[in-house]
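These notes are about the structure you will find just below.
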Amino acid sequence: MRRWAIALGIVSLVVGATVLFNASGAMAAPIDPTLPTPPADPGGGVQVEINGPNGTPSSAVVTLIGITVLSVAPALLLMMSSFTKIFVVLAMTRNALALPTIPPNQVLAGLALFLSLFIMSPVLMAINELAVQPFIAGTIDFSQALDAASAPLQAFMLAHTREEDIALMTRAAGLPNPENAAAVPLTTLIPAFMISELRAAFIIGFVIFVPFLVIDLVVSAVLMSMGMMMLPPVMISLPFKILLFILVDGWGLIITSLITSYRGG
């Protein structure tokens, strides 16, 4: 029995080795390369039609353009409102108090946004009456609604834009002088309005800086006279600045001045 088992094992090894060598030879056999064939559908089944069947833009393109416009619409509306001036004035007030992070930017932006909505409420009501409601009712189309909505915004910006800034942007654009205020294009009026708003904001910021600068000078002189040159004057003057700002109701004065500057215009 033992001899038969040994013989059977030898036969199994021989058969296995033969099968292994044959398989290795088959795998090592060279295969001729085949030329690539172009795909039947290069797009992989995905097709984008820019134009519709009648030559007009397709709904996908119109939707993409609409989403793009909506993404930049808030920034454009903020540029055409009182937000820029209010935010700059509040930021300069914070810097005048030597508080670079208090209140944080989110608080200043929120306060500026709600003050802008309060100031722009007559303009927003006019836009709703002239453009939004007729468009919802179907009496005007989208282009007519845009023209109707731009009229109140244009009137607001013209009332708070200097003629010098309009002339500056008109010359920079190489356009002829407009015959009247209503003929000023929005591409010229919007940057001119922003320049005027920044100028007014810097004027208000200068007025706010002056009393706090006086406090810094007085504190510096006192520290110098006491021989405390190594002590930062800002550290000593900061409580006095905050105290003065609270005593004169600084936030109330600034907000009242900002609102009055637009209501007076």
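Quick note, the sequence shown lines up with residues -28 to -1, 1 to 237 if you use mature numbering (1 follows the signal peptide of the UniProt record, and there is no 0).
C-beta: ideal position from N, C-alpha, C; glycine also.
Fair warning: this is a prediction, and the values are worked out from it, not measured in the lab.
Cβ neighbour criterion (16 or more within 10 Å) applied to residue i
| i | result |
| --- | --- |
| Met(-2) | Reliability fails at Met(-2), whose pLDDT of 47 lies under 50, so the model's placement of it is uncertain and the value that follows must be treated cautiously. Looking at its Cβ environment, which holds fewer than 16 other Cβ atoms inside 10 Å, Met(-2) is exposed. |
| Met198 | exposed |
| Leu203 | exposed |
| Ile58 | buried |
| Leu230 | buried |
| Val191 | buried |
| Glu169 | buried |
| Ser43 | exposed |
| Gln126 | buried |
| Met129 | buried |
| Asp221 | exposed |
| Ala103 | buried |
| Asp119 | exposed |
| Ile39 | exposed |
| Ile176 | buried |
Candidates the options: closest to residue i by CA position
| i | options | result |
| --- | --- | --- |
| Ala173 | Val60, Ser54 and Leu36 | Val60 |
| Arg171 | His132, Pro94 and Ser93 | His132 |
| Ala68 | Thr40, Arg235 and Pro211 | Pro211 |
| Met51 | Thr35, Gly222, Ala84 and Ala109 | Ala84 |
| Trp223 | Leu80, Pro72, Ala121 and Met200 | Leu80 |
| Val179 | Met200, Phe165 and Leu62 | Leu62 |
| Ser53 | Ala139, Ile176, Phe86 and Phe181 | Phe86 |
| Ile99 | Pro205, Pro76, Ala121 and Ile74 | Ala121 |
| Ile214 | Ala109, Ala47, Asp113 and Ile74 | Ile74 |
Per-residue DSSP class, three states only, for residue i
| i | result |
| --- | --- |
| Arg(-27) | Here the model assigns Arg(-27) a pLDDT of 47, short of 50, so the residue's position is not dependable, and the following value carries that caveat. In the structure shown, Arg(-27) sits in a helix (DSSP, three-state: H, G or I). |
| Asp137 | helix |
| Met97 | helix |
| Ser192 | helix |
| Ser53 | coil |
| Ala103 | helix |
| Glu151 | coil |
| Ile162 | helix |
| Pro205 | helix |
| Gly110 | coil |
| Met198 | coil |
| Ala131 | helix |
| Pro211 | helix |
| Thr73 | coil |
Cβ separation of residue i and residue j, assumed to be a contact under 8 Å, to the nearest whole Å
| i | j | result |
| --- | --- | --- |
| Pro150 | Val156 | 5 Å |
| Ile226 | Thr56 | Contact flag wrong, Cβ pair sits at about 16 Å. |
| Thr159 | Thr142 | Not quite, the Cβ-Cβ distance comes to about 10 Å (not below 8 Å), so this is no contact. |
Rounded C-alpha distance that separates residue i from residue j
| i | j | result |
| --- | --- | --- |
| Leu216 | Met92 | 31 Å |
| Gln116 | Ala123 | 11 Å |
| Ala70 | Gly146 | 43 Å |
| Met207 | Leu49 | 40 Å |
| Val194 | Leu185 | 14 Å |
| Tyr234 | Pro148 | 29 Å |
| Asp137 | Met201 | 46 Å |
| Glu135 | Phe165 | 10 Å |
| Pro106 | Asp188 | 57 Å |
| Gly(-4) | Leu36 | Any reading at Gly(-4) needs caution, since the residue's pLDDT is 46, under 50, leaving its predicted position unreliable; the model's value is listed next. Rounded to the nearest angstrom, the two C-alpha atoms are 59 Å apart. |
| Ala153 | Pro76 | 39 Å |
| Ser88 | Ile167 | 17 Å |
| Pro205 | Met196 | 10 Å |
| Ile112 | Phe90 | 28 Å |
| Ala109 | Ala144 | 41 Å |
| Leu96 | Thr228 | 21 Å |
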